[in-house]
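Engineer: Each residue of the sequence shown is one higher than the last, beginning at 90 in this note's numbering.
We put the beta carbon where it would ideally sit given N, CA and C, even for glycine.
Because the structure is a prediction, the values reported are computed rather than measured.
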Amino acid sequence: MFYVLLILAIFEQRFNITYMPKILIIGAGGQIGSELTFKLKDIHGSENVVATDINFNNLDIVNSGLFEIVDAEDYNSIRTCVEKHDVDTIYLMAAMLSATGEKYPMKAWDLNMNSLFHVLNLAKEGFIKHIFWPSSIAVFGPSTPTVGTPQHTTMEPTTVYGITKQVGERWCEYYHKKYGVDVRSLRYPGIISWKTMPGGGTTDYAVEIYHKAILEEHYTCFLSENTELPMMFMEDAIHATVNLMQASSEDIKIRSSYNLAAISFTPKEISEAIKTHIPNFKITYQPDFRQDIADSWPKSIDDSSARTDWNWNHEFNLEKMTAEMITQLRHKYLDSQINS
Ligand code: AKB
Numbered sequence: 090m091f092y093v094l095l096i097l098a099i100f101e102q103r104f105n106i107t108y109m110p111k112i113l114i115i116g117a118g119g120q121i122g123s124e125l126t127f128k129l130k131d132i133h134g135s136e137n138v139v140a141t142d143i144n145f146n147n148l149d150i151v152n153s154g155l156f157e158i159v160d161a162e163d164y165n166s167i168r169t170c171v172e173k174h175d176v177d178t179i180y181l182m183a184a185m186l187s188a189t190g191e192k193y194p195m196k197a198w199d200l201n202m203n204s205l206f207h208v209l210n211l212a213k214e215g216f217i218k219h220i221f222w223p224s225s226i227a228v229f230g231p232s233t234p235t236v237g238t239p240q241h242t243t244m245e246p247t248t249v250y251g252i253t254k255q256v257g258e259r260w261c262e263y264y265h266k267k268y269g270v271d272v273r274s275l276r277y278p279g280i281i282s283w284k285t286m287p288g289g290g291t292t293d294y295a296v297e298i299y300h301k302a303i304l305e306e307h308y309t310c311f312l313s314e315n316t317e318l319p320m321m322f323m324e325d326a327i328h329a330t331v332n333l334m335q336a337s338s339e340d341i342k343i344r345s346s347y348n349l350a351a352i353s354f355t356p357k358e359i360s361e362a363i364k365t366h367i368p369n370f371k372i373t374y375q376p377d378f379r380q381d382i383a384d385s386w387p388k389s390i391d392d393s394s395a396r397t398d399w400n401w402n403h404e405f406n407l408e409k410m411t412a413e414m415i416t417q418l419r420h421k422y423l424d425s426q427i428n429s
C-alpha cells in the first residue's frame with residue numbers, strides 16, 4: 090500500500106495532477122446542504138460540485154453553478170445525474186427530520202431509507218466511490234445515558250426519524266464491511282445557522298429564537314425552559330463534515346456514525362445569551378408535541394472517538410455563536426429592507 094501511494098504521489102508531482110473529487114449533493118437547498126455546497130465549491134472548484142434538489146426553491150443554490158433537479162427517492166434520477174456529471178462522491182443531505190417525521194411516519198421512512206439504499210447501491214455497483222450520510226443524536230432514546238452519551242451505548246429511538254437514522258447506520262456499516270463501500274457519517278446535534286432556515290426538526294427553536302429576537306424582541310418557545318440539548322454552530326458542522334471526508338481511510342475506525350458534539354444549552358440559557366445583545370428580549374414557553382421528542386434525546390454527547398480518530402475540534406461556544414448569529418442576521422434583515 091505504501092509503495093502504491095508513493096508511486097501515485099510521484100506521478101501526481103511529476104505530471105502536476107491532483108485528485109479532484111466530482112461531487113453530487115442531494116438536498117443542496119436545505120439548511121446544511123446549502124452551506125456545504127458553497128464550502129465544497131470553495132475547496133474543489135465550482136465545476137466539480139453538482140448541487141441537486143427536488144425543487145428550485147433555493148435560488149442562491151440554483152444560481153450558484155451546476156444545478157440539477159434530482160428526486161432522492163428515485164434511483165434512476167440519481168444515477169442519470171451521476172453518469173451525466175461523472176460523479177464519484179455523493180453527500181446525501183435530503184431527509185425528513187424528527188418533528189415532520191412524526192406527522193408523516195411512512196413518508197419519513199420511505200424518503201430516509203430509500204435515498205440511503207439508492208446511494209449505497211450506486212457505490213456497491215461501482216458508479217461512485219465515496220458517500221457522506223448524516224446521522225443524528227435522534228438515534229438515541231430514553232434508555233440511553235443522557236449526560237456525556239458514549240459512542241457505543243443503548244439506542245432505543247422513539248421517533249421515526251431516529252429509527253431511520255439508527256437503521257441507516259447499521260446499513261452503512263454493513264455495506265462497508267460486506268462490499269467495501271467508503272461511507273462516512275456523523276451524528277449531528279441541532280445545527281444553528283443564519284443563512285438557510287432549518288425545517289421540521291425539534292432543535293429548530295434554537296434558530297427561530299434569533300430571528301424573532303431581532304424582528305420582535307420576543308419568542309414563544311415550543312420546548313420548556315430547562316430542556317437541555319446538544320447543539321452546534323454551522324461553521325463547526327461544515328468543518329467536521331469536510332474533515333471527516335478528507336481523513337485517510339485508515340483513520341476512520343467507525344463506519345456506523347461518529348458522535349459529534351460542541352455545546353449544550355437550554356432555551357433559558359440561549360435567551361440569557363441573546364439578552365446580552367438585545368436587553369429587551371423576552372421568552373415565553375408553550376411546549377408542544379416536540380417536548381416529548383426532546384425529552385427522549387441526550388443532554389450532552391461524548392465525541393472523544395471523533396476527536397482522537399480524525400482530530401475533530403469545535404470552535405464556537407454559546408457566546409461566540411450568539412454574537413455571530415446576531416451580527417449576521419442584523420445585516421441580513423437590514424440588506425433586505427434596503428433592497429425592498
Ligand atoms: C432534528 O431536530 O430533528 C434535527 C436533528 C437533531 O437531527 N435537527
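1) Can you tell me whether alanine 140 sits near the ligand AKB, meaning its C-beta is under 6 Å from at least one heavy atom of the ligand?
2) Excluding five sequence neighbours on each side, which residues of the same chain lie with their C-beta closer than 7 Å to the C-beta of aspartate 175?
3) Rank Tyr308, Leu304, Thr292 by C-alpha distance to the C-alpha of isoleucine 298 and give the top, closest one.
4) Between serine 224 and the ligand AKB, is there a pair consisting of the residue's CB and a ligand heavy atom that are separated by less than 6 Å?
5) Could you spell out the range, first to last residue, of the beta strand (DSSP E) harbouring arginine 344?
6) I'd like the list of long-range same chain contacts for lysine 357, defined as Cβ closer than 6 Å, with 5 residues on each side in sequence excluded.
7) Any heavy atom of the ligand AKB within a distance shorter than 6 Å of the CB on serine 123?
8) Counting along the chain, where does the alpha helix (DSSP H) carrying tyrosine 268 start and finish?
9) So, is glutamine 335 buried or exposed, given that buried needs 16 or more other C-beta atoms within 10 angstroms?
10) How is the alpha helix (DSSP H) around methionine 414 delimited, first residue to last?
11) Decide if the stretch 220-240 is in contact with the stretch 358-366; the criterion is three or more beta carbon pairs, one per stretch, under 8 Å apart.
12) Would the beta-carbon of serine 353 fall within 7 Å of that of serine 389?
13) So, is tyrosine 294 buried or exposed, given that buried needs 16 or more other C-beta atoms within 10 angstroms?
14) Counting only the same chain and skipping the five closest in sequence on each side, list residues whose C-beta sits under 8 Å from that of cysteine 350.
15) Compute every distance between the C-beta of threonine 126 and the non-hydrogen atoms of the ligand FMN, then say whether any falls below 6 Å.
16) Spell out the partners DSSP gives isoleucine 158 in its beta bridges.
17) Going by DSSP, which residues form a beta bridge with serine 49?
18) Once you ignore the five residues that flank histidine 219 on each side, which residues in its own chain have a CB closer than 6 Å to its CB?
19) Is leucine 148 buried or exposed, if buried means 16 or more other CB atoms sit within 10 Å of its CB?
20) Using alpha carbons as the reference points, say which of His265, Ile280, Ser224 lies closest to threonine 253.
21) Find out if the Cβ-Cβ distance for the pair threonine 126, isoleucine 114 is shorter than 7 Å.
22) Does DSSP classify valine 272 as helix, strand or coil?
23) Using only CA atoms, which one of Met323, Glu324, Tyr347 lies nearest to leucine 333?
Structural biologist: From the atom records:
1) Not under cutoff, so the answer is no.
2) The residues are Lys111.
3) Among Tyr308, Leu304, Thr292, the Cα nearest to that of isoleucine 298 is on Tyr308.
4) Proximity of the beta carbon of serine 224 to the ligand AKB is not indicated: no heavy atom of the ligand is located closer than 6 Å.
5) DSSP places arginine 344 outside any beta strand (DSSP E), giving it a letter other than H or E.
6) Non-local C-beta neighbours of lysine 357 in its own chain, meaning closer than 6 Å and more than five positions away in sequence, comprise Glu314, ordered along the chain.
7) Residue side-chain check: serine 123 keeps its Cβ at 6 Å or more from all non-hydrogen atoms of the ligand AKB.
8) For tyrosine 268, the uninterrupted alpha helix (DSSP H) run begins and ends at 249-268, by DSSP.
9) Counting Cβ neighbours within 10 Å, glutamine 335 comes out exposed, since fewer than 16 surround it.
10) It spans 407-428 - the alpha helix (DSSP H) in which methionine 414 sits, taken as one unbroken run.
11) Counting C-beta pairs closer than 8 Å gives fewer than three between the stretch 220-240 and the stretch 358-366, which falls short of the contact rule.
12) The Cβ atoms of serine 353 and serine 389 sit closer than 7 Å to each other.
13) Counting Cβ neighbours within 10 Å, tyrosine 294 comes out buried, since at least 16 surround it.
14) The residue asked about is misnamed: residue 350 is alanine in this sequence, not cysteine. So the qualifying residues of the chain are Pro278, Pro319, Met321, Ser389, Ile390, Asp391, Asp392, His403.
15) In terms of ligand content, the structure shown lacks the ligand FMN and carries the ligand AKB instead.
16) Isoleucine 158 is bridged to Asp142.
17) Because the chain in this structure spans residues 90 to 429, residue 49 falls outside the shown range and cannot be described.
18) Hits under 6 Å: Thr178, Asp271.
19) Of the other Cβ atoms in all chains shown, fewer than 16 fall within 10 Å of the Cβ of leucine 148; this residue is therefore exposed.
20) Across the set His265, Ile280, Ser224, the C-alpha of Ser224 shows the shortest separation from the C-alpha of threonine 253.
21) Their beta carbons are under 7 Å apart, which means threonine 126 touches isoleucine 114 by this criterion.
22) Here valine 272 sits in strand by DSSP.
23) Here the closest residue by C-alpha is Tyr347.
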